[in-house]
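Trainee: Residues -7 to 290 (my numbering) are what the sequence shown spells out, left to right.
Sharing a structure with you now.
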Amino acid sequence: MTAASLSGAPVAKVLRAELEDRVSELAAKGIVPGLAVVVATDNESTHWYVRSIAKAAAKAGVDCRIIDLGPSASSAQLKTMLTELSEDRQTHGIILQTPLPDGVQVDELVPNIETGKDIDGANPLSLGRLAVGLPAFAPATARAVVEMLVHYGVPIDGRHVTVVGRSAVVGKPLLHLLLERNASVTICHSRSRPLEDYTRAAGVVVVATGRPGLVTDRHVAPGAVVVDVGTNVLEDGALVGDVDARSVEQVASALSPVPGGVGTITTALLLLHTAVAARAAAETEGVLVSSGIVRSLG
Ligand code: NAP
């Protein structure tokens, strides 16, 4: 068997079309969705990534401001900036980009992002709201996995999904997004042994560990769908996932590629979340009538 490729590009294309509709609807009311990306590092790949978000935003009609506080920014400066942006009426979405300066703890900063503007689900309140079924933005990467499965018609309802990785960015929010869609979910981590006992029992396996090649053919039941969230840069500069694609392709019915899979979808989702947040803000201010959109997109 050679697995079908769950390419991210067609999924992102559909999401960009939805974004275009939302941006046009807002423009008709004189509203431009505003995204602020706060950066405090001189890490070149972070700057490259942030510029790529700004470029995509410009194309989509989203006003994106990169706020670079420099690699020696203090925790207090970052907190003040996040608080100001949370209160700023022109800013609808806020991203705090990691890495942060040495000694600055991300956990101390993200609670300062107002949940209605927390378009990458970084504030722990967003995860808590998601857990109890209240409207909230999920981290774009976790949501990208669900968007991918839905786009390719992979059944989730009533299915056993095993997620390898329990981070607050991927594994934990994914648990709630999948439960919301009536999957039975198993979450694995570094103490889940033997890992294959959990992964082979599932019809869908999602891998988000940061361990290149962790999941091989022996971890996957014949015909299962495998989504690889991992992005690892090897010593030779190659970008690879957490799944050993060459062996898994032989047993899985479908596999997402790296690069070109989940990562391709996240920027479109961040912008879409910003447009959703802008609409919700306009509804609150009485500029637009309520549509329940935040609940349906989350
Ligand atoms: P993380 O915070 O380091 O979490 C890694 C998780 O994997 C932990 O829960 C860890 O278990 C688990 N793990 C590690 N080794 C394992 C093993 N041998 N067996 C089973 N589980 C194991 O990582 P993350 O932020 O979630 O990111 C995971 C991967 O996704 C990385 O490659 C990252 O680059 C990628 N990522 C991609 C995107 C994208 O847009 N495509 C976005 C975010 C992240 P413990 O909890 O027990 O330590």
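Even for Gly, the Cβ is constructed at its ideal location relative to N, Cα and C.
(1) Does DSSP classify Ile45 as helix, strand or coil?
(2) CB Ala(-5) to CB Ala244, shorter than 7 Å?
(3) Is His211 near the ligand NAP, going by C-beta to nearest heavy atom under 6 Å?
(4) Flag Ala319 as yes when its Cβ comes closer than 6 Å to any non-hydrogen atom of the ligand NAP, and as no otherwise.
(5) From Glu275, Thr259, Ala272, pick the residue whose C-alpha is nearest to that of Arg8; which is it?
(6) Which partner residues does His152 have in the DSSP bridge list?
(7) Just to confirm before moving on: does the CB-CB distance between Ala175 and Arg151 stay below 7 Å?
(8) Can you look up Asn224 in the DSSP assignment and give me helix, strand or coil?
(9) Tell me which residues share the same chain as Thr256 and place their Cβ nearer than 6 Å to its Cβ, disregarding the 5 neighbours each side in the sequence.
(10) Give the secondary structure of Asp55 by DSSP, where H, G and I count as helix, E and B as strand, and everything else as coil.
(11) To the nearest angstrom, report how far apart Ala46 and Arg185 are at their CA atoms.
(12) With DSSP run on the structure shown, which of helix, strand or coil describes Val124?
Mentor: Looking at the atomic coordinates:
(1) Locating residue 45 in the sequence shown gives position 53, where the first residue counts as 1. Correct three-state label for Ile45: helix.
(2) By one-based count along the sequence shown, residue -5 stands at place 3. By one-based count along the sequence shown, residue 244 stands at place 252. Going by C-beta atoms, Ala(-5) is nearer than 7 Å to Ala244.
(3) The residue you call residue 211 lines up with position 219 of the sequence shown. No; taking the cut-off as 6 Å, the Cβ of His211 has no heavy atom of the ligand NAP nearer than that.
(4) Nothing about residue 319 can be reported from this structure: the residues present for the chain run from -7 to 290 only.
(5) Reading the sequence shown from its first residue, position 16 is the one you call residue 8. When only C-alpha atoms are compared, the closest one is Thr259.
(6) By one-based count along the sequence shown, residue 152 stands at place 160. BP columns for His152 point to Ser176.
(7) Taking the sequence shown and counting its residues from 1, the one referred to as residue 175 is at position 183. Taking the sequence shown and counting its residues from 1, the one referred to as residue 151 is at position 159. Taking 7 Å as the Cβ cut-off, Ala175 and Arg151 qualify as a contacting pair.
(8) Numbered from its first residue, the sequence shown carries residue 224 at position 232. DSSP places Asn224 in strand when its eight states are reduced to three.
(9) In the sequence shown, residue 256 corresponds to position 264, counting from 1. Around Thr256: Gly0, Ala1, Ala4.
(10) In the sequence shown, the residue the question calls residue 55 occupies position 63. If DSSP states are grouped into helix, strand and coil, Asp55 belongs with the strands.
(11) Counted from its first residue, the sequence shown places residue 46 at position 54. Counted from its first residue, the sequence shown places residue 185 at position 193. Roughly 42 Å separates the two Cα atoms.
(12) As a first step, residue 124 must be located in the sequence shown, where it is residue number 132. Coil, per DSSP.
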